[in-house]
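Written out below as structure tokens is the structure these notes cover.
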Amino acid sequence: MVAKELLRVEDLYVMYKTDMEEVHAVNGISFTIREQETLGLVGETGAGKTSTALAILRLLPDRTGRIPSGNIWFQGKNILEMDHEELRRLRGGDIAMIFQDPMTSLNPVIPVGQQIAEALLLHNEEGLTREQIEDRVDETLELVGIPSSRKNEYPHQFSGGMKQRVVIAIALSCNPRLLIADEPTTALDVTIQAQVLALINELKEKLKTAVLMITHDLGIIAETCDKVAVMYAGEIIEYGTVEDIFEADKHHPYTVGLFGAIPKIHEETDRLEQIEGLMPDPTDLPPGCKFHPRCKHCMPVCREKEPPVFQEGDHLLKCHLFGNSSG
Amino acid sequence: MSEPLIKTVHLKKYFETSRGLLHAVDDVNMSIFPGRTLGVVGESGCGKSTLGRLLLRLIEPTSGQIFFEGEDIVQYGGIKLRDLRKKMQIIFQDPYSSLDPRMTVSEIISEPLIVTKTVTGKKAIAEETARLMEVVGLAERLVNAYSHELDGGRRQRIGVARALAVKPKFIVCDEPVSALDVSIQAQILNLLMDLQRDMGLTYMFITHDLSVVKHISHDIVVMYLGQNVEIASSSELFRKPLHPYTQALLASIPLPKVNRGKIKRDVIRGELSSPIDPKPGCRFAPRCPEKRDDCVGQDIPLIEYSPNHFVSCVKYM
Ligand SMILES: Nc1ncnc2c1ncn2[C@@H]1O[C@H](COP(=O)(O)OP(=O)(O)OP(=O)(O)O)[C@@H](O)[C@H]1O
Ligand SMILES: Nc1ncnc2c1ncn2[C@@H]1O[C@H](COP(=O)(O)OP(=O)(O)O)[C@@H](O)[C@H]1O
Ligand SMILES: [Mg+2]
Ligand SMILES: [Mg+2]
Chain X
-3 MVAKELLRVE DLYVMYKTDM EEVHAVNGIS FTIREQETLG LVGETGAGKT
47 STALAILRLL PDRTGRIPSG NIWFQGKNIL EMDHEELRRL RGGDIAMIFQ
97 DPMTSLNPVI PVGQQIAEAL LLHNEEGLTR EQIEDRVDET LELVGIPSSR
147 KNEYPHQFSG GMKQRVVIAI ALSCNPRLLI ADEPTTALDV TIQAQVLALI
197 NELKEKLKTA VLMITHDLGI IAETCDKVAV MYAGEIIEYG TVEDIFEADK
247 HHPYTVGLFG AIPKIHEETD RLEQIEGLMP DPTDLPPGCK FHPRCKHCMP
297 VCREKEPPVF QEGDHLLKCH LFGNSSG
Chain S
60 MSEPLIKTVH LKKYFETSRG LLHAVDDVNM SIFPGRTLGV VGESGCGKST
110 LGRLLLRLIE PTSGQIFFEG EDIVQYGGIK LRDLRKKMQI IFQDPYSSLD
160 PRMTVSEIIS EPLIVTKTVT GKKAIAEETA RLMEVVGLAE RLVNAYSHEL
210 DGGRRQRIGV ARALAVKPKF IVCDEPVSAL DVSIQAQILN LLMDLQRDMG
260 LTYMFITHDL SVVKHISHDI VVMYLGQNVE IASSSELFRK PLHPYTQALL
310 ASIPLPKVNR GKIKRDVIRG ELSSPIDPKP GCRFAPRCPE KRDDCVGQDI
360 PLIEYSPNHF VSCVKYM
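If you read the sequences in order, they're chains X and S.
Each residue of the first sequence is one higher than the one before, counting from -3 in our numbering.
Each residue of the second sequence is one higher than the one before, counting from 60 in our numbering.
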């Protein structure tokens, strides 16, 4: 049986408009996340991953960030049409977010236990008493592997990995339906990263939360995700199950390039395959396929026409190479 | 094997802090052979950068010796130190902050040429600058560009050109690709490997990325809280890690392979303990799944467990 749809992003555009320029950060992406599913959003810096996450929570910068078009359906309601009160309940309630730098979410002058308590109070639909909240704080800390005896300590007394675990504790304290994790372990050492990823995997099973996992690391994708969307220049250029992305024969040339560029731990490679050139300038995107200037397989049509989406089962490829076949 | 280009003997660097003596590098013994790359891996704060800066004499050791081409350079000063500086260079992690934003690309690259008088005369300097730009793959049209106008990959190329300007034998690469995206990282790693092949350069390559270190290094040192706990050739280390910390490190790498019905990996618990006034004994013991009574109390020597494979762990003594 297929799980119920939780989030549906439809043809979403995000742009940043300043006096000087217009940055086209997200250019018409669509995807869905089902209940308890983990979708990985992978891509290099500037691909539009964070902008997508911020759009979902309506957290784009007020003055510059715009959503010119698109829809974001969450449990049947359009987030883009929600009022203040609905948004307040959504953020940190139904949808929680973890950022790369744990200090974005933590207040340096408040003890960690109190910060968790405040998050619980903010969404206290069950009407818990002060004491019940304290108990919940203890449970939550223990759940992420921090002794509750340390709840009166301040963030700076914790290491980076512990701070990130406190953030996870806060994020999960209100039983969100969806957790958005934006590069949650990028700032951490590998052994600590492994601890945090194991924690996220464990909690996601226990609490039945769906996850949008944003990362540039294909290893993290393979270890945590059910579905994967590969982003390039604000578009999803390939989408599929992890098996589609890691094991299928057909791939977008950019996906092939990404895999070729990472050194392999279990294989000897003399020379890494490199993708020539750079990410396109988001204020001046190329016509046609946005990857064409760097693509080894570039054809005349790629320079002119935006590629259609080629579909094979769940596997989607946005590339002219596959444009004419039908599966 | 030939004589090492660089060798350290009981090298130590302690920093005085308000809370006590911080053992940043604590008795490191290792060698780097000519034309080869020694990778240095370990978690944040384990002393990798401090070790690199010690080798370059950018900071003074607390004690111990550093041999460069067979000579102890710790006491070098004046002209000898200046000459030494031309033979050793460093490339930093952050191509954003290590370059002066007010200088053009050609000014940045030619500066070391002028300062060290490697090349003299306006024309010769311009020619050499152009040659260096070509070597590192910077387009000619960028000569008058400012570094802040360029992307991270190009800035790192400037860093490489600058290091190459004085024709060094040895380059410390301190996390040179950590701030770059993988597609750009691959470009820089390939460049560094090409330069080594063409110019016979010797590298110390500092990184926390194990797949990068495996790819680029001939030999690898694993550091933990200021100490080198294991040294081996790159292939040997990945095939047969001996130290429990190395094993934990390798097991922590997320692999880009689908592994459904994932067996939960045994992640090691705990975090790095404090490098301030550490007690004698294995620094990893508090996190070690195989900890025994004799792990603490006295320091564990680095022994050659099998040819050219060194480890410091009571299990192998
Ligand atoms: N000038 C200094 N004064 C005091 N302590 C220092 C100084 N420089 C470095 N340290 C300390 O020495 C230890 C080793 O630092 P070092 O920068 O060498 O680590 P690293 O392995 O390069 O870490 P990273 O991966 O984060 O770059 C750390 O505990 C650091 O805080
Ligand atoms: N507040 C902002 N103002 C202007 N441009 C922005 C802003 N935030 C992001 N951008 C630009 O939008 C594009 C996408 O950025 P981002 O969503 O942060 O990508 P990612 O998270 O994939 O690295 C980039 O070109 C970035 O420079
Ligand atoms: Mg981002
Ligand atoms: Mg460092």
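Virtual Cβ for every residue (Gly too), placed ideally from N, Cα, C.
Span of the beta strand (DSSP E), counted from its first residue to its last, around residue i
i, result
"Glu17 of chain X", "That residue, Glu17 of chain X, is in no beta strand (DSSP E); it is neither H nor E in DSSP."
"Val99 of chain S", "96 to 100"
"Cys306 of chain X", "The residue asked about is misnamed: residue 306 of chain X is Phe in this sequence, not Cys. Counting along the chain, the beta strand (DSSP E) containing Phe306 of chain X begins and ends at 305 to 308."
"Thr261 of chain S", "261 to 265"
"Glu187 of chain S", "Looking at the DSSP string, Glu187 of chain S is not in any beta strand (DSSP E); the run it does join, the alpha helix (DSSP H), is 181 to 194."
"Asn46 of chain S", "There is simply no residue 46 of chain S to check, as chain S begins at 60 and stops at 376 in what is shown."
"Gln286 of chain S", "286 to 292"
Burial state of residue i, where buried means 16 or more other Cβ atoms lie within 10 Å
i, result
"Phe306 of chain X", "buried"
"Leu250 of chain S", "buried"
"Gln215 of chain S", "buried"
"Gly323 of chain X", "Low confidence applies here, because Gly323 of chain X scores a pLDDT of 37, under 50, leaving its location unreliable and the question unanswered by this model."
"Arg342 of chain S", "buried"
"His207 of chain S", "exposed"
"Ser365 of chain S", "exposed"
"Leu317 of chain X", "buried"
"His302 of chain S", "buried"
"Lys147 of chain X", "buried"
"Thr125 of chain X", "exposed"
"Gly137 of chain S", "exposed"
"Pro348 of chain S", "exposed"
"His262 of chain X", "exposed"
"Met376 of chain S", "exposed"
Residue i Cβ short of 7 Å to ligand 2 heavy atom set
i, result
"Thr261 of chain S", "no"
"Ser270 of chain S", "no"
"Pro57 of chain X", "yes"
"Pro64 of chain X", "no"
"Pro296 of chain X", "no"
"Pro276 of chain X", "no"
"Pro60 of chain X", "The sequence given here places Thr at residue 60 of chain X; Pro does not occur at that position. True, at least one ligand heavy atom lies under 7 Å from that Cβ."
"Ala43 of chain X", "yes"
"Ala21 of chain X", "yes"
"Gln12 of chain X", "A small fix is needed here, since residue 12 of chain X is Tyr in this sequence, not Gln. It does: the Cβ of Tyr12 of chain X is within 7 Å (strictly closer) of some heavy atom of ligand 2."
"Gly39 of chain X", "yes"
Residue i, DSSP secondary structure in three states
i, result
"Leu268 of chain X", "coil"
"Ser322 of chain X", "Summary for Ser322 of chain X: the model assigns pLDDT 42, below 50, so the residue's position carries little reliability; its value from the coordinates is reported in the next sentence. Ser322 of chain X falls in the coil class under three-state DSSP."
"Met147 of chain S", "strand"
"Ala49 of chain X", "helix"
"Tyr150 of chain X", "coil"
"Arg30 of chain X", "strand"
"Gln96 of chain X", "coil"
"Ala257 of chain X", "helix"
"Lys139 of chain S", "helix"
"Ile327 of chain S", "coil"
"Glu82 of chain X", "helix"
Closer than 7 Å: residue i CB and nearest ligand 4 heavy atom
i, result
"Ser157 of chain S", "no"
Distance cut-off 7 Å: residue i Cβ against heavy atoms of ligand 3
i, result
"Glu179 of chain X", "yes"
"Thr211 of chain X", "no"
"Thr46 of chain X", "yes"
Proximity test, residue i beta-carbon vs ligand 1 heavy atom, cut-off 7 Å
i, result
"Gly106 of chain S", "yes"
"Ser103 of chain S", "yes"
"Thr109 of chain S", "yes"
The alpha helix (DSSP H) enclosing residue i, as first and last residue numbers
i, result
"Glu128 of chain S", "That residue, Glu128 of chain S, is in no alpha helix (DSSP H); it is neither H nor E in DSSP."
"Tyr304 of chain S", "303 to 311"
"Cys298 of chain X", "296 to 300"
"Asp131 of chain X", "126 to 139"
"Ile164 of chain X", "156 to 168"
"Glu114 of chain X", "108 to 118"
"Leu66 of chain S", "Per the sequence presented here, residue 66 of chain S reads as Lys, with Leu not at that position. Counting along the chain, Lys66 of chain S falls outside any alpha helix (DSSP H), though it belongs to the beta strand (DSSP E) covering 65 to 76."
Assumed close pair residue i, residue j - CB separation to whole angstroms, cut-off 8 Å
i, j, result
"Met99 of chain X", "Pro151 of chain X", "7 Å"
"Glu138 of chain X", "Val108 of chain X", "The pair is not a contact, with the Cβ atoms about 13 Å apart (cut-off 8 Å)."
"Lys223 of chain X", "Leu35 of chain X", "5 Å"
"Glu272 of chain X", "Ala257 of chain X", "Actually they are not in contact, since the Cβ atoms of Glu272 of chain X and Ala257 of chain X sit about 11 Å apart, beyond 8 Å."
"Leu102 of chain X", "Lys159 of chain X", "6 Å"
"Leu64 of chain S", "Phe127 of chain S", "7 Å"
"Ile335 of chain S", "Gly79 of chain S", "5 Å"
Ligand 5 heavy atom lying under 7 Å from the CB of residue i
i, result
"Asp233 of chain S", "You won't find ligand 5 in this model; what it holds is ligand 1, ligand 2, ligand 3 and ligand 4."
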